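Since the structure comes first, as structure tokens, the remarks are kept for the end.
Right under this line is the structure:
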């Protein structure tokens, strides 16, 4: 670009007289008769010069400003709000929710927690295509502009799961509330948050029942063997995944995201990475004979799908959804949560065995004691936990069951 020879200088701006002084390329210094100064940029758009305002237009703009002042509105703030509304119209719930998750996920415990946020808000992206997956609970509002999301839209998300998945529904509500709060702070929304619970949704949705055991409906341990026997009559991937979860007393995500490299068949150990553990520490879980049989029964499905996931889902290299196990329990008319089997296990240990409570807590991968006590407790009591889990397997498995009695291998 050629250098402009008649550019204004700092001294020239300071001493400029009334009038318009060109700096070049459409930039002008405007000095009034009173000595007030302002900058003006005049340009051409689609062949027409912009920047000029007629006397009538100027008077109309001034009239609007006076009316705003008369109504108690700051015209400058009103103009900012108008620009914010224009920006908000370009933001959908999905695009902004993704920005929010990106900005806060460094504080999440592990990768599973990150995935839960993205999935629940329907902003989980497909690893291959980079497109949003058609999963999660916020599909109905993902493409809506932020100002268009009201109470009815939030209720449309929550009502289908409020009674059947109360814990999940509560988390989804809280995450929607956080996204919409952030939008208000950014000036992309105004007014009350339609996902707020107290004084708002609390008047429209039933109060969640408080459960007496860890907030998860649990099956009495004496009824677990009967359920496992019924699972043996269900030749499905969901039945085998649920049985594995019960035998390991593991969390759902720990089981469903398990992969073959985590399994040491010779040592009979399943090593769960820290990223998938709630406590953020690697956990070694003993494998029982029945768990090894389950690995064999699901081998054909893994080979057919070309994946090392223990319990693959419908899509390649995607784990089976936790809803598959939940729906299986519903079909069997068992009104409990998958997580509740950890409570069943803990109750059985306390009431039916002589194993120390700290061994049971270690089997559940609970953090026990303070940092100093944990430092002195260097081992993970793997062999003592192995004896406990073998006793649990002997208790819940159908008596006299042998491999020949099992269903055929599960194919993809």
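In the working numbering, the protein residues as written are 90 to 501. We treat Cβ as the ideally placed atom computed from N, Cα and C, and that holds for glycine. Keep in mind that this is a model prediction, so the values were computed, not measured.
C-alpha gap between residue i and residue j, whole angstroms
i           : j           : result
residue 365 : residue 159 : 60 Å
residue 375 : residue 337 : 8 Å
residue 243 : residue 213 : 19 Å
residue 324 : residue 185 : 43 Å
residue 201 : residue 345 : 11 Å
residue 196 : residue 272 : 20 Å
residue 223 : residue 385 : 32 Å
residue 321 : residue 379 : 12 Å
residue 448 : residue 381 : 23 Å
residue 207 : residue 179 : 21 Å
residue 349 : residue 168 : 59 Å
residue 104 : residue 115 : 21 Å
residue 455 : residue 473 : 16 Å
residue 218 : residue 413 : 25 Å
residue 464 : residue 194 : Because residue 464 sits at a pLDDT of 38, beneath the cut-off of 50, its placement in the model cannot be relied upon, and the following sentence gives the value as read from the coordinates. Rounded to whole angstroms, residue 464 to residue 194 spans 29 Å at the Cα level.
residue 482 : residue 387 : 19 Å
residue 90  : residue 130 : Here the model assigns residue 90 a pLDDT of 45, short of 50, so the residue's position is not dependable and the matter cannot be decided.
residue 50  : residue 445 : Limits of the chain in this structure are 90 at one end and 501 at the other, which puts residue 50 out of reach.
residue 112 : residue 100 : 13 Å
residue 394 : residue 347 : 16 Å
residue 157 : residue 294 : 40 Å
residue 280 : residue 210 : 22 Å
DSSP state of residue i mapped onto helix, strand, coil
i           : result
residue 103 : helix
residue 427 : coil
residue 108 : strand
residue 113 : strand
residue 339 : coil
residue 164 : helix
residue 192 : helix
residue 346 : coil
residue 292 : helix
residue 506 : Outside the displayed span of the chain (90 to 501) sits residue 506, for which this structure offers no information.
residue 251 : helix
residue 206 : helix
residue 286 : coil
residue 363 : helix
residue 309 : coil
Residue burial classification, residue i (beta-carbon count within 10 angstroms, cutoff 16)
i           : result
residue 274 : exposed
residue 343 : buried
residue 334 : buried
residue 383 : buried
residue 332 : buried
residue 315 : exposed
residue 121 : exposed
residue 433 : buried
residue 165 : exposed
residue 221 : buried
residue 253 : exposed
Cβ-based neighbour list, residue i, same chain, cut-off 8 Å, excluding 5 preceding and 5 following
i           : result
residue 440 : 310
residue 351 : 359, 360, 361, 362
residue 371 : 360, 361, 362, 363
Cutoff 6 Å; reference residue i; Cβ partners in own chain excluding five residues on either side
i           : result
residue 487 : 318
residue 437 : 310
residue 313 : 433, 485
Own chain partners of residue i with C-beta closer than 7 Å, once the 5 adjacent residues on each side are dropped
i           : result
residue 203 : 194, 197
residue 377 : 336, 478, 479, 482
inquiry  = Any contact between the segment 390–403 and the segment 472–485? By contact I mean 3 or more CB pairs, one from each, below 8 Å.
reply    = With a cut-off of 8 Å, the segment 472–485 and the segment 390–403 do not count as touching, because too few Cβ pairs lie within range.
key: Three or more C-beta pairs below 8 Å linking the segment 227–243 and the segment 418–434   = Remark: fewer than three beta-carbon pairs, one from each stretch, lie closer than 8 Å, so the segment 227–243 and the segment 418–434 are not flagged as touching.
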